[in-house]
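Structure first, commentary second.
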């Protein structure tokens, strides 16, 4: 009896499409297309901008942002893991813990940024509410970074797992920025609870 060959489901075909596309375009991860979609819709990054990329490994967002800023800009990535990717001279990745920044890293952050990107995600446990709560903690740390290191009028992008505490974080973005957008990229898995919270126009501190 011939063995039945199972067809790949639509989710796998969708992911394979973006994975192949990333490989063809020399990006280390398919997540680059999420940022690309947001860039086209919201114009987050401009030529000559200074960009801070939190949770930058394996480097797709870092590389894409550097392409947009061009050599007149600067892109700095921070992650617990190293980025093994050849980057242009105006981009660099540093191994760092945003919860415990060294004096050297703090010195690099002194000149403020036009846009802060956070694709940080927690190590998942399989418990949705736990994972969502940990995601909010990372987003709050990104917002703290924005309060300290983002220029007035700047932009912040945070990936968050939807859960009981995510509306509270969204309210914080609405408080700190003149505009808040919630966006789920087409390149995200439909079953994924990740969304991106975008703050535009950081308000001046009172």
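In this note's numbering, the protein residues as written are 452 to 657. No residue lacks a Cβ here, since even glycine has one placed at the ideal position from N, Cα and C.
Looking only at its own chain, which residues have a Cβ that is under 6 Å from the Cβ of residue i, when we skip the five neighbours before and after it?
{"i": "residue 606", "result": "495, 566, 651"}
{"i": "residue 530", "result": "506, 507, 508"}
{"i": "residue 503", "result": "527, 564, 567"}
{"i": "residue 546", "result": "533"}
{"i": "residue 519", "result": "496"}
Should residue i be labelled buried (16 or more other beta-carbon atoms within 10 Å of its own) or exposed?
{"i": "residue 575", "result": "exposed"}
{"i": "residue 526", "result": "buried"}
{"i": "residue 633", "result": "exposed"}
{"i": "residue 454", "result": "Because the pLDDT of residue 454 is 44, which lies under 50, any placement of that residue in the model is unreliable, and the question is left without a value."}
{"i": "residue 550", "result": "exposed"}
{"i": "residue 641", "result": "exposed"}
{"i": "residue 477", "result": "exposed"}
{"i": "residue 610", "result": "buried"}
{"i": "residue 514", "result": "buried"}
Return helix, strand or coil for residue i, following the three-state DSSP convention.
{"i": "residue 656", "result": "coil"}
{"i": "residue 645", "result": "strand"}
{"i": "residue 453", "result": "Bear in mind that a pLDDT of 48 at residue 453, under 50, signals an unreliable position, so the number given afterwards is only what the model happens to contain. The answer is coil: DSSP assigns residue 453 none of H, G, I, E or B."}
{"i": "residue 629", "result": "strand"}
{"i": "residue 513", "result": "helix"}
{"i": "residue 595", "result": "helix"}
{"i": "residue 622", "result": "helix"}
Given a cut-off of 8 Å, decide if residue j and residue i are closer than it, judged by their beta-carbon atoms.
{"i": "residue 570", "j": "residue 512", "result": "yes"}
{"i": "residue 396", "j": "residue 646", "result": "Since the first residue of the chain shown is 452 and the last is 657, residue 396 is not available in this structure."}
{"i": "residue 638", "j": "residue 488", "result": "yes"}
{"i": "residue 540", "j": "residue 498", "result": "no"}
{"i": "residue 627", "j": "residue 594", "result": "yes"}
{"i": "residue 589", "j": "residue 573", "result": "yes"}
{"i": "residue 582", "j": "residue 615", "result": "no"}
{"i": "residue 501", "j": "residue 562", "result": "yes"}
For residue i, is the beta carbon positioned less than 7 Å from some heavy atom of the ligand HEM?
{"i": "residue 540", "result": "No copy of the ligand HEM appears in this structure; indeed no ligand is present at all."}
Please go through the same chain and pick out, in chain order, the residues whose beta-carbon is closer than 8 Å to the beta-carbon of residue i, but skip the five residues on each side of it.
{"i": "residue 456", "result": "Its pLDDT being 44, under 50, residue 456 is placed unreliably in this model, and the value from its coordinates should be taken loosely. Excluding positions up to five away in sequence, the list is empty."}
{"i": "residue 655", "result": "603"}
{"i": "residue 548", "result": "531"}
{"i": "residue 470", "result": "481"}
With a threshold of 7 Å on Cβ separation, who are the neighbours of residue i within its own chain once the five nearest residues in sequence on each side are excluded?
{"i": "residue 480", "result": "473, 509, 511"}
{"i": "residue 584", "result": "614, 616"}
Exercise. Would you mind listing the alpha helix (DSSP H) stretches within the region 516 to 572 that are 4+ residues and don't spill past its ends, in chain order?
Key: Runs of the alpha helix (DSSP H) inside the region 516 to 572: 554 to 559.
Quiz item: Residue ranges of each alpha helix (DSSP H) run of no fewer than 4 residues wholly in the region 457 to 507, ordered along the chain?
Solution: You should have 461 to 475, 483 to 493.
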